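Asker: In the numbering used here, the protein residues as written are 36 to 215. Every residue, glycine too, gets a C-beta built ideally from N, C-alpha and C. Predicted, not measured: the structure shown is a model, and the values here were computed from it.
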Amino acid sequence: RRILTEAWDRSVGSITWAADSKSLIVTAADIARTKIFSLDVATGQPTVLVEEGSNHAVSVVGDTLLFSRTTMTSPSTVFVADLDGANTRAVLDMNTERLEAIEMSTPEEFWYVGEGADEVHGWILKPVGFQANKKYPMAYMIHGGPQGQWGDSWSYRWNPQVFAAAGYVTVMVDPHGSTS
Numbered sequence: 036r037r038i039l040t041e042a043w044d045r046s047v048g049s050i051t052w053a054a055d056s057k058s059l060i061v062t063a064a065d066i067a068r069t070k071i072f073s074l075d076v077a078t079g080q081p082t083v084l085v086e087e088g089s090n091h092a093v094s095v096v097g098d099t100l101l102f103s104r105t106t107m108t109s110p111s112t113v114f115v116a117d118l119d120g121a122n123t124r125a126v127l128d129m130n131t132e133r134l135e136a137i138e139m140s141t142p143e144e145f146w147y148v149g150e151g152a153d154e155v156h157g158w159i160l161k162p163v164g165f166q167a168n169k170k171y172p173m174a175y176m177i178h179g180g181p182q183g184q185w186g187d188s189w190s191y192r193w194n195p196q197v198f199a200a201a202g203y204v205t206v207m208v209d210p211h212g213s214t215s
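Put into structure tokens, the structure is as follows:
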């Protein structure tokens with residue numbers, strides 16, 4: 036018996052065996068996304084397979100990864116990819132028609148130097164039709180902790196798109212202790 040992830044500073048979400056049983060396929064929060072990793076059983080070495088968005092409920096079906104993905108501009112969509120993460124594509128998206136009728140803010144990432152010279156990650160969403168010479172109110176969104184992150188994910192509870200749509204410049208920062 037040994038701890039496979041002892042040297043890896045991430046919290047595993049979904050977990051399933053790869054078809055060859057030489058690795059585990061896992062999801063974990065990493066730099067404002069929930070990525071899909073292959074975790075080598077012999078070495079504990081993680082390898083990123085799928086980087087974009089927030090990916091969950093990963094399964095291995097034959098030679099295919101099956102998972103759900105959300106982003107700040109899209110609720111849950113079912114995706115597939117090759118076992119190495121290549122050829123990622125949506126296979127079931129029930130929201131396309133509704134989303135086409137909505138003009139959303141484009142999320143922008145930023146970094147700054149925080150306490151102890153640590154790099155701190157954040158997001159900003161500007162109101163649709165933002166004009167740089169105009170003043171806007173700001174919504175500064177704070178997540179609980181110590182574990183959690185403002186990731187590229189859809190939320191039905193604290194959706195920054197709702198604040199941006201109401202005319203707020205929306206700022207979300209991942210303070211020390213965040214999983215990102």
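How would you label Leu59, buried or exposed, when you count the other beta carbons within 10 angstroms and need 16 or more for buried?
Answerer: The residue in question, Leu59, is buried, as its Cβ has 16 or more Cβ neighbours within 10 Å.
Asker: Leaving out the 5 sequence neighbours to the left and right, which residues in its chain are closer than 7 Å to Phe72 when beta-carbon positions are compared?
Answerer: Only Val61, Ala63, Pro81, Thr82, Val83, Leu84 meet the Cβ criterion.
Asker: Answer yes if the region 85–94 comes into contact with the region 126–144, meaning at least three C-beta pairs across the two stretches below 8 Å, and no otherwise.
Answerer: Contact between the region 126–144 and the region 85–94 is absent, because fewer than three Cβ pairs lie under 8 Å.
Asker: Report the three-state DSSP secondary structure of Gly151 (helix, strand or coil).
Answerer: In this structure, Gly151 counts as helix in the three-state DSSP scheme.
Asker: Need the endpoints of the alpha helix (DSSP H) that Val126 sits in, please.
Answerer: Element bounds for Val126: not the alpha helix (DSSP H) but the beta strand (DSSP E), 124–127.
Asker: Please work out which residues of its chain come closer than 8 Å, Cβ to Cβ, to Glu53, disregarding the five sequence neighbours upstream and downstream, and give them in chain order.
Answerer: Per the sequence shown, residue 53 should be read as Ala rather than Glu. Only Leu59, Ile60, Ser73, Val95, Leu118 meet the Cβ criterion.
Asker: State the Cα-Cα distance for the pair Met107 and Thr78, rounded to the nearest angstrom.
Answerer: So the alpha carbons of these two residues sit roughly 34 Å apart.
Asker: Taking Arg104 as part of the alpha helix (DSSP H), name the residues at either end of that continuous run.
Answerer: That residue, Arg104, is in no alpha helix (DSSP H); its beta strand (DSSP E) goes 99–106.
Asker: Considering only the alpha carbon of each residue, which of Gly120, Asp55, Thr69 lies closest to Val76?
Answerer: Considering only alpha carbons, the answer is Asp55.
Asker: What are the boundary residues of the beta strand (DSSP E) that Thr82 is part of?
Answerer: It spans 81–85 - the beta strand (DSSP E) in which Thr82 sits, taken as one unbroken run.
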